[in-house]
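Each residue of the sequence shown is one higher than the one before, counting from 236 in the working numbering. Positions of the beta carbon are idealized from the N, C-alpha and C atoms, including for glycine.
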Amino acid sequence: MAAETNHIHSAIELAVENDGKQNPHSRIFLEPIEKGTDIKACVVKKVKKTCRCTPAKAKDLIFSFLPVLKWLPKYNLRENILGDAMSGLIVGILLVPQSIAYSLLAGQDPIYGLYTSFFASIIYFLFGTSRHISVGIFGVLCLMVGEVVNREVERAGYDLEPSVPSSFRSDTISYLNNSTLGPLTTNQTTQLLCDRSCYAITVGATVTFMAGIYQVAMGFFQVGFVSVYLSDSLLSGFVTGASFTILTSQAKYLLGLDIPRSSGVGSLVATWINIFRNIHKTNVCDLITSFLCFLVLIPTKELNERFKSKLKAPIPTELFVVVAATLASHFGKLKEKYGSSVSGHIPTGFLPPQPPDWSLIPNVAMDAVAIAIIGFAITVSLSEMFAKKHGYTVKPNQEMYAIGFCNIIPSFFHCFTTSAALAKTLVKESTGCKTQVSGVVTGLVILLVLLVIAPLFYSLQKCVLGVITIVNLRGALRKFSDLPKMWQLSKIDTLIWFVTMLSSALISTELGLLIGVCFSMLCVIVRTQRPEGQLLGWVPKSEIYEPLPAYRDLQTKPGVCVFRFEAPIYYANKESFKSKLYKQTGINPLWEVAAKRKVEKQKLHDKTASSNGNPAEISVQLVTQPLEFHTIVIDCCAVQFLDTAGIHTLKEAHKDYAEIGIQILLAQCCPSVRDSLYRGEYIKKGEKNFLFHSVHEAVEYALCAHRQNGCCASEA
């Protein structure tokens, strides 16, 4: 009973009629519910509920952590298997050349791209809740990983090209660790046997491990709200800017140039300068091959998009190009005759698992933050988008766990960062995908390549992989055609897009993302600092009030001014609130008080002069103009919150206007604003409550109160 008494106190004052007329001081008033004060009991109760373990709760916990245990036993084989098998097979075929191509973007050997796609497909099958998204290699994340890898490789002093094959390295390390010399430490093996390729994947796996740790931590602490700072325009600008950097990094492969990869601030400009300085060294064979691949891939990609509604599955042109180019390079001996750069040996099977290099974590910890945020933001947004389209629900928190484990676990198997990718997800959906089983089929296709087919890609030219990467950037680069429409919809969003795109391309991807987020937040702050403040008019025969400049035939009530402020009132815009209020009402109470005091001072001066016998002295009489209204109603429907400065500002306005005989009434305050006003003692105990649930109620109250006060004054 005590708890109920503490939590529920409500009183309703009903309007009464007096001699057939409404009493202006009788109105509906809802007293807020008092919050409980027994915090200790609430905490103990919540802890007991959280820590209590029952079989049902343990089962729910396991099923929520591994969603596959919940939906797989209910899998309808007859209805779903054909669509899942078809979509998984097609996505797997498309992933093979893309995995090899994007490995170069991440600064890795081709085999590691295949590892990454395989493990990501299988792990998301176990942990993911989206039926349609394709988790694997994503170009922007590969670029970000590649920049970190390149920086750390240069810092370690490695050569540009690997000198020891990966298979030889792993076998030798295993032999030495099991020999009579005793096991070697990580630093010793790195110094003795780890070439550039080995060290590059070590850096990439360490970055991936840290990104996964961040993503799982975000899921555990439920801080997915960070993604709200990555608006659609910001993400689109970031991806477009990163696409320019990706295109630039692949240009050297198209021309067959052997130039170092630039990193850091201004890497895009530095890379193009190096390209033009070495343009005379262009490999004609690679240039011709690149041109022919463009001639084949671009038209077929366009045809796939134009007729995707009629095609049951997109034509796997990339795979055909890879096979044809590999055969041409092998039988034409392009490497031996023309010095064309090829992929080289791609071993079969899997390397033994290896933990990340813990000593590298301090170097890459900050880089992994941006990679983790971009990865989970894209994954969660895509999963929610396709879930809404197909009428099912996903758990964003579980999606963060899923993408986190898709990075943590593969990092022990020589993989780099993954996330959902829009292009492959669209292919997966359009080819009949029904459930996550399609991811297993995709993994099996890549497994077949890893175990049998991978060595056949030895003669594949790197310029072909560069062309595949660039052709897949078409979607991001086409965003420029959407700019006119974006400008019409929102000029602020267009500016955010431009700033993020330019900073990501011209400065660096990490700094570009940070600059975009800061600029986006700055735009929000500027919007709230200089919001709209306008007068409202009454729609006849209704209880609706709308802005006077927006509609015709609105009326104003005599003696009442209705003002709406379209932003929260806090420390950053308190002066803007007062200036808008003074400007729209046409009355600055401070000036009115000063003028009133000046008149009183002048009257006192004249009275003193007259009493001293100076009738010749002439003074100018100052006359204050009568005020046009007696009440200001502030519509607070757009005020989401108040801080201490905001409450103090309202108190000042209430006091200043009261000094010149104008009362301020607040209407349509949300519960949090009402609570702030009560706690800030805007309304003190024993005083009338000037908070109204609607603007119309406040206006009618003001008119009736003024009418009654006028009658009382005339009777007196």
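Query                                                                                                                                 : Result
Spatial neighbours of isoleucine 660 in its chain, beta-carbon cut-off 8 Å, leaving aside the 5 residues before and after             : According to the sequence shown, residue 660 is threonine rather than isoleucine. Hits under 8 Å: His367, Ile368, Ser369, Leu617 and Phe621.
Cβ separation of leucine 708 and alanine 336, assumed to be a contact under 8 Å, to the nearest whole Å                               : Not a contact, Cβ separation roughly 12 Å.
Alpha helix (DSSP H) runs contained entirely in the segment 862 to 917, provided each spans 4 or more residues                        : 879 to 894 and 906 to 914
Nearest-angstrom Cα separation, counted from valine 303 out to serine 356                                                             : 13 Å
C-alpha gap between glutamate 781 and serine 929, whole angstroms                                                                     : 13 Å
Helix, strand or coil at tyrosine 347 according to DSSP, with G and I counted as helix                                                : helix
Close-in-space but distant-in-sequence residues of the same chain around serine 673 (CB under 6 Å, 5 per side omitted)                : Asp319, Ser322 and Gly323
Unbroken beta strand (DSSP E) run spanning glycine 327, endpoints                                                                     : Note, glycine 327: premise wrong, no beta strand (DSSP E); alpha helix (DSSP H) at 312 to 340.
Bridge partner(s) assigned by DSSP for isoleucine 804                                                                                 : Leu877
Contacts around lysine 970, its chain only, beta-carbon distance under 6 Å, and the 5 residues preceding and following it disregarded : This structure cannot speak to residue 970, because the chain is shown only from 236 to 951.
Selected residue, minimal CA-CA separation from aspartate 878, among Ala563, Tyr917, Leu938 and Ile897                                : Tyr917
Beta-carbon proximity of proline 591 to serine 654, cut-off 7 Å                                                                       : no
Nearest neighbour of proline 824, chosen from Thr866, Ala658 and Lys836 [CA to CA]                                                    : Thr866
Residue burial classification, glycine 610 (beta-carbon count within 10 angstroms, cutoff 16)                                         : buried
Boundaries of the beta strand (DSSP E) in which glutamine 696 is found, first to last residue                                         : Note, glutamine 696: premise wrong, no beta strand (DSSP E); not H, not E.
Segment contact flag, the segment 725 to 738 with the segment 470 to 482, C-beta cutoff 8 Å, min 3 pairs                              : yes
Beta carbon of threonine 517 nearer than 7 Å to that of leucine 490                                                                   : yes
Beta-carbon proximity of valine 684 to proline 332, cut-off 7 Å                                                                       : no
Beta carbon proximity, isoleucine 606 to chain C, threshold 7 Å                                                                       : No chain C is part of this structure, which consists of one protein chain only.
Backbone secondary structure at proline 551 - three-state DSSP                                                                        : coil
CB contact flag (glutamate 634, valine 604, <7 Å)                                                                                     : no
Test item: CB-CB of phenylalanine 876 and serine 907 under 7 Å                                                                        : yes
CB of lysine 663 within 7 Å of CB of valine 375, strictly                                                                             : no
Segments of 4+ residues assigned as alpha helix (DSSP H) that fall wholly inside the segment 545 to 629                               : 552 to 567, 569 to 573 and 596 to 625
Exposed unless 16 or more other CB atoms sit within 10 angstroms - verdict on alanine 933                                             : buried
Glutamine 764 - containing alpha helix (DSSP H), residue span                                                                         : 744 to 764
Beta-carbon proximity list for valine 702, same chain, < 7 Å, skipping 5 on both sides                                                : Leu489, Ser525, Cys528, Phe529 and Leu532
Inter-residue Cα distance where the pair is arginine 431 and alanine 637                                                              : 31 Å
Inter-stretch contact (C-beta, 8 Å, three-pair minimum) for the segment 763 to 773 and the segment 829 to 839                         : no
C-alpha gap between methionine 379 and leucine 595, whole angstroms                                                                   : 17 Å
Contiguous alpha helix (DSSP H) assignments of at least 4 residues, all confined to the segment 345 to 392                            : 345 to 362 and 374 to 391
Residue of Phe555, Lys309, His580 and Ile897 minimising C-alpha distance to phenylalanine 864                                         : Ile897
C-alpha distance - isoleucine 550 paired with lysine 624, whole-angstrom precision                                                    : 25 Å
Which of helix, strand or coil DSSP assigns to proline 782                                                                            : strand
Among Phe585, Glu619 and Ala477, nearest to isoleucine 606 - alpha-carbon criterion                                                   : Ala477
Asparagine 598 versus proline 690: straight-line alpha-carbon distance, rounded                                                       : 34 Å
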